[in-house]
Each structure stands twice: as C-alpha cells, then as structure tokens.
C-alpha cells in the first residue's frame, strides 16, 4: 500500500482540504497524520441522500463513468479479432503485412556453393523452365531440371526443404519490430521447375508474422489460415482485428485470413528470446558463410545485416502475447525452460531452451545427434521423432556443404567462434554435447541452471515496470455534463510507458469506494477504515462487462477505469506524456468517501490480470453546508 506522501517528495502526507463544508484528504498509510486548511468554495448544486437515492446514485456513477471504464480487447468475441485487439493493446498499431515492399528481401537457394533460380533456359527449344546455377559473380555455371538437395535445407519441418524465392519483410517502429514471412512451399516438400517457384510469381502458401518488443521481450505470432493453399504477396494483408476497433472492413477481412485455432506452436522454434531464427536457411551473413567480410559468397548470397544481431540472455524477459494462442499451447509453454551451462563454450554467446533451439537447432548447428542417458519412455519417443526430422534435413543437404565436403559449412556453429567458419573447423567434444543435449531434453540436473522460459506478466509499478500513478486530487464539481446533481471528482495522472510504446493500452484502474457517516470528531480515517484489497478485487469474477457493482450496501466498485476521453472500444492515441484519469461520484451530504485505487494489467496470456502491489488511498468528507 502506498500513500502519496510516501511516493513523492512533496508535502502530500496527510493532506486534508476544506472546501466550505466539504472536507477531503489523502491519508498517509504509515503516519496517519492530517493537516487541515480552509479555502472558499462556491455554491453546490443538487445533492443526493442515502439510502433513499441509492438507485439514482448507482445510475449516475455508471452514466458518468461507464463510457471510460472498460476492459481492453473486449470489442469482439471472434478469436482472430480478440487476438488483434490484444496485440494492439501491447505493441501499438500493427502494420499491414507486405512482403514485396522496400523493407523486404527474397530468400535464395544455394546448391554446391552457387545461387539457384528458376528461369527459362533459352538454349533449349521452347525455353523450358529449369534451375540456373550461378556462381557469386553472377555467371551461370550449369542448368539442371531438378534440385534434390541444397546446401542449407530448412529446419522448420512441414515445409519445402530446399525452397526458394520466399520473401521476408521487416518493419520497425520505436522499440517494436514486426517480421512478415511469405513462404513458398509444396505439398510434397520438394522444389520443382515450375512458374510458382520463380522470383516474379507472387503466389505463396504460408503467411505468418511475428511482433516483438526488444525492451520487454513480449512476442506475438500471427499465422495465416491452414485451409487456404494460395496467398498473393502483391496484396497487403490487414492485421488481425484490423487497424483499430473502428476498422470494420479490416476486422471482417482479417477473420477470413488468419487461423482461428492457433494450430501451429510457433514459439517452439522462435523460442530463444528474439523474433528471428538465425540459421543458414535464412542466410544471414553471420551463419552458413565463412564469416570473412571479403568472402564473395557472403556478399552475393547473404541477407547481410537485414536482421540485427542479438544476444539471447537466459534471464531476459520473454512473454507470449495472445490469450487464445497461450491457451492452445499452455502445456508446452508451462513446461518450457531456458538454460545456460556455466563454462560451456556455446553459452558465451547463447542461451538455449528445452524447445527446438536446444533440441533441433543446436543438434544441426553442431552436427550432433540428440542424446540422453537413461531416457524415459516419453523422452525415447520424442528423441526418435527429433532424430527422424533431423535425418530428413540431412538427406536434403549436399555433400558440398558437409563437414568433409568442398564447402565444409557444417557444422555451422563452432566452439568459441560461433558462425565465423573462416576461423577453422571443429566440433564440440562428446562430453560438451552430452551436457548440452541432456539439458535440452530436461535431464541435465543442476548444471543446466534451468529457469522458466516465459517470464511473468509485469505488475504495474513493480520491478521492470517502473511507471506509477501520481498527482492524485479530489475537487468538488457542481455538475457533470450539465446534470443537475453535484459531484466530486477524483483525478490522478499516469503514463503506461512500459516498453516505450506510445499507444500501449493494457493497464486499467479499479476504484473501490466505501461510504460512511462522517464521525463527529472529524478525525482522519484509519487505514482499516478504507475498503480492503479484497473488496477492491471482489468483482473481477463478474466479467469484463460489469463496470459498477456493489460488493456490500456501503461498498461500490468501479472497474477498468481508463484515461479521460478514452471511450469504450477506441484505440489509445500516441503519447509520451502522462494522461489524466478521473472518476465522478454523486455528492451525498454527511458522508465520508473512502477510496482505494488499484492499478492492474491485462496480461493477454495465461495469467489473466495482475494487480499492483501498491495501492492508493484518498478520502473526502461532504458536510452538507454546515
């Protein structure tokens, strides 16, 4: 519990103010001291009396505050729409998906150290489409009618191993990054010399996107529907939930575009506390190439610095946004751990997890095979499945790329040198790999330093979220929106600045109000006189649509208070300044108003809602003009 005077170095401790016959104050939770001074107040409008006007009292509270007291992401029940509203509340506006713009790149294919494309072979009658193999300088070295293997087959599983001409786009806004992937694939998971695989054909089969906040580690996964076989990247794809609550057309189109079931567990691969998978298939300059800045293949074939380098700290925050997604994959997410082995050569640069970064990607990167001593039955089955998946990848890799081939780009991560293959060859020792693999499969014991992969929903005003409400005040108000009944207005200021997202909108306030007769002594209230924390939280189970509820005859709870002007189901405008929050309550003569204000965050994952540990108290005495 925090009192204003405890929070700010200004004389607010025990502040009490006399407005004619109206006495108000802020109670210090620790000292219970009060200072009183008088000012002049104008005439007040009509007041209510209780219990006679109780029904009107509640009606006015709802009328005055209902439009600005609402839970975010409750503007629709459709899973796709709700997911989009949740994502916007955390990341701000989501850009349209566009894979063919200036911020996009084409993903190439390499075979035997050469770049491969599907082109007309004009040297043959009819100019049939074939695979043109070009060296780093762009000269064609040969044509083939088929490509069965490539240097860098995909590790994703369920997609074409040696595909080409998929596109990826990257959009960055403040500290939030969005990646859009338009992936070409085939039913048989093989590549063919057909128009579909040419660079100019806009058709593709898998659409997905990832949003990521580099400060908070919050991540969201968007996946196109699985019963749609063909997309077209010459089109722009509206985000889930459209551009806003009011974007009716965008929300309608998005319902038909995205997977409502959240079938694919995207985080199983995108698990290493960063949005992009860094592996040879994506062809960043720092993996799958020599690492020499003068290397011709690196310059010609890689994505260069298109993806920024990030160190995956094992203790970095990491949280998946999307209540539908989190529910669908709650078991896997609950059991996932991050780990780092002290002194192990891989962990100078990496953390790994018990999902695919530790199992499939680490095994492929080091040229090793999953291994656990004395595995359980479940581990035995899962390891066999992982080995089968890795074998399919290896079956599609060229001899040129193998450890003893001419290219020698396997393994593609070297102890102490990472992806800098020019530093020499080498592998982890058998014991080093055994340690790593055991941890990846959850069997390594204390040496792994296991900790939950997904960090908890940040509590408002605590730990990594340092933003707190302040500048609380209470003032008499003759009328509200022309209503004849007088009111008191409780106000405060707050900036939801976590993650540096100007439109972030996942925090609300619950205000518990207790009314009691003003004691004849006019002594300031004790801490125990205020509505308790339980009363403040008691109506949460009533559902998001309940704004005002009575928890007892003299207790009232106003839920989900947002900032002034933020009407129900509208998006928060961008700001870097604090916003003003307020509630209006009918003025009842002879009553003491005792307020408890409690911030809370909507987590949009398995945590539901988390309330602040610090709450704020205020009181107000209305003396009927005595």
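In this note's numbering, the protein residues as written are 73 to 698.
Beta carbons are placed, not taken as given, at the ideal position from N, Cα and C, and that holds for glycine.
Quick caveat, the model's predicted, so the values are computed rather than measured.
Here residue 377 is exposed: its Cβ has fewer than 16 other Cβ atoms, across all protein chains shown, within 10 Å.
In this structure residue 284 does not touch residue 309 by the C-beta definition: roughly 18 Å separates them, more than the 8 Å allowed. Counting along the chain, no beta strand (DSSP E) covers residue 451; the unbroken alpha helix (DSSP H) around it starts and ends at 449-467. One thing to note: residue 556 has its Cβ no nearer than 8 Å to the Cβ of residue 663. Put simply, the stretch 463-476 does not touch the stretch 266-276. Fewer than three CB pairs are less than 8 Å apart. Contact between residue 239 and residue 136 fails: their C-beta atoms lie close to 52 Å from each other, not under 8 Å. Nearest C-alpha to residue 620 among 185, 590, 657 and 641: 657.
Straight across, the Cα-Cα distance linking residue 374 with residue 172 is about 18 Å. Counted as a single uninterrupted DSSP element, the beta strand (DSSP E) harbouring residue 215 occupies residues 212-216. A Cβ-Cβ distance of about 6 Å is found for the pair residue 542 and residue 565, placing them in contact under the 8 Å criterion. Each residue's CA atom was taken as its position, placing residue 191 and residue 204 some 6 Å apart. Excluding the 5 residues flanking it on each side, residue 591 has same chain C-beta neighbours closer than 8 Å at 664, in chain order. Judged by beta-carbon spacing, residue 634 lies beyond the 8 Å limit of residue 161, meaning their Cβ atoms are not closer than that value. Within the same chain, 289 and 345 come within 6 Å of residue 388 by CB-CB distance, once the 5 residues on both sides are set aside. Of the residues assessed, residue 625 falls on the exposed side of the cut-off, its CB having fewer than 16 other CB atoms within 10 angstroms. Short of 8 Å from the beta carbon of residue 193, and not among the five residues preceding or following it, lie these beta carbons of its own chain, in chain order: 199, 200, 201, 202, 204 and 215. The Cβ atoms of residue 508 and residue 410 do not sit closer than 8 Å to each other.
Close CB contacts of residue 454 within its chain, under the 6 Å cut and outside five residues either way in sequence, are absent. For residue 153, no beta strand (DSSP E) encloses it; the enclosing alpha helix (DSSP H) starts and ends at 151-163.
DSSP places residue 419 in the helix class (H, G or I) of the three-state scheme.
The shortest CA-to-CA distance from residue 538 to any of 485, 338, 443 and 671 is the one to 671. Annotated three-state conformation of residue 507 is helix, per DSSP. Counting the other CB atoms within 10 Å of its CB gives residue 452 a total below 16, which places it among the exposed residues. For residue 399, the closest C-alpha among the options 676, 597 and 696 is that of 676.
With a contact defined as Cβ atoms closer than 8 Å, residue 152 and residue 298 miss out at about 13 Å. Runs of the alpha helix (DSSP H) lying entirely within the stretch 304-390, each at least 4 residues long, are 320-329 and 368-373 in chain order. Comparing alpha carbon positions, the residue from 282, 293, 231 and 286 closest to residue 263 is 231. Residue 442 sits away from residue 428, with the two beta carbons spaced by 8 Å or more. Contact between the stretch 206-215 and the stretch 172-188 is present: 3 or more CB-CB pairs across the two stretches fall below 8 Å. Straight-line measurement puts the Cα of residue 629 at about 18 Å from the Cα of residue 686. Rounded to the nearest angstrom, the Cβ distance from residue 167 to residue 250 is 6 Å, consistent with a contact under 8 Å. As the crow flies, the alpha-carbon of residue 393 is around 24 Å from that of residue 321. Boundaries for residue 135: no beta strand (DSSP E) harbours it, while the alpha helix (DSSP H) harbouring it runs 126-137, taken from the DSSP string. At the C-beta level, residue 178 and residue 353 stay beyond 8 Å of one another.
Secondary structure of residue 470 (DSSP, three-state): coil. Around the Cβ of residue 448, a 10 Å sphere holds fewer than 16 other Cβ atoms; the residue is exposed.
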